[in-house]
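One structure below.
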Amino acid sequence: MRRDLLSYTLLFTTPVTGFYRQGASLVCDGVPLAPIAAGHGTPLYVYSAATIAARYRAIDEAFAAYPHSIHYALKANSTLAIARLLRGLGSSADANSGGEIDVALRAGFTPSQIVFTGVGKTPAELTHAIALGIKAINVESSGEIQRIEAIASARGARVTIALRINPDIDARTHAHISTGLKTNKFGIPFERVKAIARDARHLASVQIVGLHNHIGSQITDLRPLTDAARALAQLARELRDEGTPIEHLDLGGGLGVSYDGSPVPSAQDYASALLPAVRDSGFAIVLEPGRQIMAPAGILLTRVVDVKPQDERKSFVVMDAGMTELIRPMLYNAFHRIEPVVERDQPALAADVVGPLCESSDTLGKDRTLRNPQPGDLYAIMDAGAYGSVMASNYNRRLLPAEVLVDEGAARLIRRRQTLDDLLALEV
Ligand code: LLP
């Protein structure tokens with residue numbers, strides 16, 4: 001069913017950007033993928049610059065009628081070339097660690113374009129953010145406000161912060177990526193916000209300029225996002241009336257994409273769900289999309305290493321990529337389409353598509369149908385541009401994959417493959 005949908009999309013529509021078929025061959029923005037894999041080896045991430053641009057602009061245009069800024073969530077994919085591309089498109093940045101702040105700076109974002117979120121910011125990270133004078137630190141607790149105040153007053157700095165609210169709203173997504181419930185570790189409980197804001201008004205070095213929430217990721221039911229935005233806007237109005245100088249509402253990220261071809265809300269639907277909730281408040285909004293921009297803009301290329309029977313009905317197709325390159329299927333039971341790079345009319349084989357690691361959960365796709373796969377055949381794991389490469393690991397001493405960006409007809413290496421020497425260079 002899912003495969004049928006994909007074939008339909010790939011064969012009967014002619015997208016100008018992204019990953020689609022020209023004849024039997026899967027291409028990226030018109031550039032065939034097989035030669036890219038031959039040149040750079042596998043496993044290999046390949047990204048479409050045109051898709052990144054189109055998806056960024058779709059969000060920007062959907063919100064055009066209201067004051068907004070897009071702070072791309074670097075955690076989805078922060079390879080420098082990708083971050084630079086997004087900056088060039090007009091994006092700002094959402095960083096979740098000192099490392100992501102530094103990557104943002106190296107990609108050319110200015111401190112005033114960076115917001116810093118994170119449930120456990122260390123004193124060193126806070127000091128760094130304060131010294132830079134970033135747009136806002138999204139704070140998670142009253143303790144964190146006090147730590148910021150202490151660091152800032154010692155340096156004679158003034159810091160602008162946003163309070164991250166936990167609205168206790170169920171985002172109706174996978175439990176591992178749901179962040180807006182009381183039982184999740186994120187943010188300040190809704191009912192405690194006013195007291196914390198009142199206390200903070202007396203602080204000399206800290207100024208609350210915003211409220212923030214992010215209730216989860218891969219959200220495809222817009223209602224919880226609307227509810228959270230409405231609650232945030234209402235709270236912000238009340239705080240403004242009490243004298244807290246709120247300027248912006250940071251509505252986080254979270255908009256889901258379609259991994260299996262089923263319909264999902266568009267950027268336009270997303271704007272239609274959020275804007276009515278905040279419009280009357282007049283506050284400027286910040287958006288932190290990650291997946292929405294990057295997931296469909298990247299694939300993971302992998303080759304078949306082995307094919308072996310499981311039982312009479314089913315086989316294992318062993319790939320040269322696994323949980324070390326793409327952990328999403330294993331971690332969230334996530335579905336990613338697995339497509340042959342060159343389609344052949346061959347008998348169907350029922351298979352579990354697995355990786356090479358020493359874990360039974362190292363599975364890329366369960367119960368798939370492949371066309372007589374043979375060792376050496378090239379496959380693409382689709383929609384892997386977000387939370388793919390950034391979550392890769394060196395388990396089993398595997399080396400981080402290379403990454404290629406296809407831009408205006410040219411395939412450019414943007415990260416070389418890690419070597420064993422790179423890995424061992426850290427060891428003393
Ligand atoms: N803002 C904050 C504060 C976040 O924590 C996140 C994601 C985002 C923005 C971006 O959310 P997005 O628009 O991408 O949904 N590794 C998981 C996803 C974890 C998301 C964590 N936070 C996955 O592979 O599905």
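1 is the number of the first residue of the sequence shown in this note's numbering; add one for each residue after it.
Cβ atoms here follow ideal geometry from the backbone N, Cα and C, with glycine treated the same way.
### Meets three-Cβ-pair contact criterion under 8 Å: the stretch 405–418 and the stretch 274–294
no
### Inter-residue spacing [alpha-carbon to alpha-carbon] between residue 501 and residue 156
Given a span of 1 to 428 for the chain in the structure shown, any question on residue 501 remains unanswerable.
### Query
Do residue 312 and ligand 1 come close, with the Cβ less than 7 Å from some heavy atom?
Mapped onto the sequence shown, residue 312 falls at position 312. Answer for residue 312: no, Cβ out of range of ligand 1.
### Message
Let me check understanding here. Comparing Cα to Cα, which of 340, 186, 403 and 391 lies closest to residue 303?
### Response
Numbered from its first residue, the sequence shown carries residue 303 at position 303. Considering only alpha carbons, the answer is 340.
### Message
ligand 1 and residue 153: does any heavy atom of the ligand fall closer than 7 Å to the residue's C-beta?
### Response
Start at 1 with the first residue of the sequence shown, and residue 153 comes out as number 153. Outside the cutoff, so no.
### Query
What residue from 362, 387 and 163 has the CA that sits closest to residue 249's CA?
Residue numbering aside, residue 249 sits at position 249 when the sequence shown is read from its first letter. Answer by Cα proximity: 163.
### Query
DSSP on residue 160, reduced to helix/strand/coil?
Indexing the sequence shown from 1 puts residue 160 at position 160. DSSP places residue 160 in strand when its eight states are reduced to three.
#### Entry: Cβ-Cβ separation, residue 200 to residue 206 (assumed contact under 8 Å), whole Å
As a working note, residue 206 is residue 206 in the sequence shown. As a working note, residue 200 is residue 200 in the sequence shown. The pair is a contact, with the Cβ atoms about 6 Å apart (cut-off 8 Å).
### Message
Let me check understanding here. Comparing Cα to Cα, which of 223, 336, 16 and 45 lies closest to residue 403?
### Response
On the sequence shown, position 403 is the one that residue 403 refers to. Nearest option by C-alpha distance: 45.
### Task
Please report how far the alpha carbon of residue 424 lies from the alpha carbon of residue 323, in whole angstroms.
Counting from one through the sequence shown, the residue named residue 424 turns up at place 424. Counting from one through the sequence shown, the residue named residue 323 turns up at place 323. Roughly 21 Å between the two C-alpha positions.
### Query
Would you call the stretch 261–279 and the stretch 91–110 touching, i.e. three or more CB-CB distances under 8 Å?
no
#### Entry: Pairwise C-alpha distance: residue 366 and residue 356
Mapped onto the sequence shown, residue 356 falls at position 356. Mapped onto the sequence shown, residue 366 falls at position 366. Cα-Cα distance, rounded: 15 Å.
### Query
Which of the three DSSP states, helix, strand or coil, is assigned to residue 40?
Along the sequence shown, one-based indexing puts residue 40 at 40. In the structure shown, residue 40 sits in a helix (DSSP, three-state: H, G or I).
### Residues of its chain near residue 267, where Cβ-Cβ distance is below 6 Å and the 5 sequence neighbours each way are ignored
By 1-based counting over the sequence shown, the position of residue 267 is 267. Only 58, 59 and 62 meet the Cβ criterion.
### Query
Are three or more beta carbon pairs between the stretch 382–402 and the stretch 298–312 nearer than 8 Å?
yes
### Query
When DSSP labels each residue in this structure, what does residue 176 get in the three-state scheme?
Locating residue 176 in the sequence shown gives position 176, where the first residue counts as 1. Three-state result, residue 176: helix.
### Query
Taking three-plus beta-carbon pairs below 8 Å as touching, is the stretch 311–327 in contact with the stretch 278–288?
no
### Message
Looking only at its chain, what residues have a beta carbon closer than 6 Å to the beta carbon of residue 252, apart from the 5 residues adjacent to it on each side?
### Response
The residue you call residue 252 lines up with position 252 of the sequence shown. Within the same chain, residue 252 has close Cβ partners 213, 214 and 288.
### Message
Report the CB separation of residue 362 from residue 354 in whole angstroms; it is logged as a contact under 8 Å.
### Response
Taking the first residue of the sequence shown as 1, we reach residue 362 at position 362. Taking the first residue of the sequence shown as 1, we reach residue 354 at position 354. About 6 Å; that satisfies the 8 Å criterion.
### Task
Please check the pair residue 95 and residue 74, which I expect to be a contact at CB under 8 Å, by giving their CB distance rounded to whole angstroms.
Position 95 of the sequence shown, counted from the start, is the residue given in the question as residue 95. Position 74 of the sequence shown, counted from the start, is the residue given in the question as residue 74. Between residue 74 and residue 95 the Cβ distance is about 6 Å, and since that is below 8 Å, they are a contact.
#### Entry: Top-ranked residue by Cα proximity to residue 426, from 406, 405, 410 and 394
Locating residue 426 in the sequence shown gives position 426, counting from the first residue. Nearest of 406, 405, 410 and 394 to residue 426, Cα basis: 394.
### Message
For residue 438, report the span of its alpha helix (DSSP H) as first-last.
### Response
Look at the range of the chain in this structure, 1 to 428, and you will see that residue 438 is not part of it.
#### Entry: N-terminal and C-terminal residue of the alpha helix (DSSP H) that residue 65 is part of
Counting from 1 along the sequence shown, the entry for residue 65 is found at position 65. Counting along the chain, residue 65 falls outside any alpha helix (DSSP H), and DSSP gives it neither H nor E.
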